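Since the structure comes first, as structure tokens, the remarks are kept for the end.
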Amino acid sequence: MEEGKLKLVIFDMDGLMFDTGRLAYRVYTKTAKEFDFELNPNVYYHLTGRNEAGFRAALKDLYGHEQPTDTWRDFMTKTKKEIIYSERRVFKKKGLLELLAYLKANDYLIALASGSKREIISFYLEIEEIPDVFDVIVAGDEITKGKPHPDIFLKACEKLNIAPSDALVLEDSLAGIEAASRAGIPSVLVEDDITDLEPVSGKYLLQQNLPINEERLYKPTYQFDDLLEVKEFLKKK
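Throughout the sequence shown, residue numbering follows this note's numbering, covering 581 to 817 in sequence.
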């Protein structure tokens, strides 16, 4: 993948900008116990980053098309929404505000491309008081094919008239890194580590064996521990 002159930085949202990974797995765990599904952190890594249609399709592939995965997903969504709207926090990741300020001050274009619905994106930005710095936002419910398909990142580039080689994607998910690679956009992985969280046993068993973080067919161009490291990296480019 050939890099051009960096003009656009594209942010994922869940797990990258906000500490929603542990909240999501908390919801997965609570609802998996109620619906009797087997679960482990690798399921989270496999599912995260996808839009709603992709999430539901992946659940069916993981557990079998005859299992009540849609009902489970409906309850997951309801439970997560209740928690977030009650607590009104999703917690900014370390370095987010500093990185956004640096990009804005240095005249980079900034995009947000998330598998979440527009309503959720707007709510998260509001409750965490994120400055209005995004030149474009592309939501998961505004595209047909979500991550790991490249469409969402290509749409962000198209809206801003930027070549993919002149952009950089910031991601925490395997699906997002694959999408960036398929779009021809260099990528940064800032991993959202939840491997310490407990698995759940259930009668509905996983039909696929998912290794830790899965086998990476698509690799990030760069990898850092947090967004402050991303900022320091960009300062040197």
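No residue lacks a Cβ here, since even glycine has one placed at the ideal position from N, Cα and C. Here the structure is a predicted model, which means the values were calculated and not measured.
Enclosing beta strand (DSSP E) for residue i [first to last residue]
i	result
Ala-743	Looking at the DSSP string, Ala-743 is not in any beta strand (DSSP E), and its letter there is neither H nor E.
Leu-692	689 to 694
Phe-591	588 to 591
Val-718	716 to 719
Tyr-802	802 to 804
Ser-781	Element bounds for Ser-781: n/a, residue is neither H nor E.
Leu-769	767 to 770
Residue range of the alpha helix (DSSP H) that includes residue i
i	result
Val-623	621 to 627
Phe-813	807 to 816
Phe-635	632 to 643
Lys-818	Given a span of 581 to 817 for the chain in the structure shown, any question on residue 818 remains unanswerable.
Glu-753	It should be pointed out that residue 753 corresponds to Ser in this sequence rather than to Glu. Neither: Ser-753 is in no alpha helix (DSSP H) and is coded neither H nor E.
Leu-680	676 to 685
Helix, strand or coil at residue i [DSSP, three-state]
i	result
Glu-618	coil
Ile-710	coil
Phe-671	coil
Leu-790	coil
Asp-650	helix
Asp-599	coil
Asp-731	helix
Neighbour-count burial assignment, residue i, 16 or more Cβ in a 10 Å radius
i	result
Asn-741	exposed
Leu-588	buried
Lys-727	buried
Thr-649	buried
Ser-767	buried
His-645	exposed
Thr-611	buried
Leu-680	buried
Phe-813	exposed
Val-713	exposed
Gly-584	exposed
Leu-797	exposed
Alpha-carbon to alpha-carbon, residue j and residue i
i	j	result
Glu-771	Ile-664	22 Å
Leu-692	Ala-747	12 Å
Lys-674	Pro-711	16 Å
Met-593	Ile-701	8 Å
Lys-739	Tyr-643	37 Å
His-626	Leu-683	30 Å
Lys-658	Tyr-608	11 Å
Val-749	Ala-637	24 Å
Gly-720	Lys-816	32 Å
Leu-596	Ile-774	13 Å
Gln-803	Leu-769	5 Å
Gly-614	Gln-647	The question names Gly, yet the displayed sequence has Glu at residue 614. Distance between the alpha carbons of Glu-614 and Gln-647: 14 Å.
Ile-765	Ser-745	5 Å
Leu-677	Asn-686	14 Å
Leu-639	Glu-778	19 Å
With a threshold of 8 Å, are at least 3 pairs of Cβ atoms found where one atom belongs to the region 692 to 711 and the other to the region 628 to 646?
Judged by Cβ distances under 8 Å, the region 692 to 711 makes contact with the region 628 to 646, as three or more pairs qualify.
The region 703 to 722 in contact with the region 650 to 657 per 3-pair CB rule at 8 Å:
no
Check whether the region 601 to 620 and the region 773 to 793 are in contact - that is, three or more C-beta pairs closer than 8 Å.
yes
Inter-stretch contact (C-beta, 8 Å, three-pair minimum) for the region 720 to 736 and the region 598 to 611:
no
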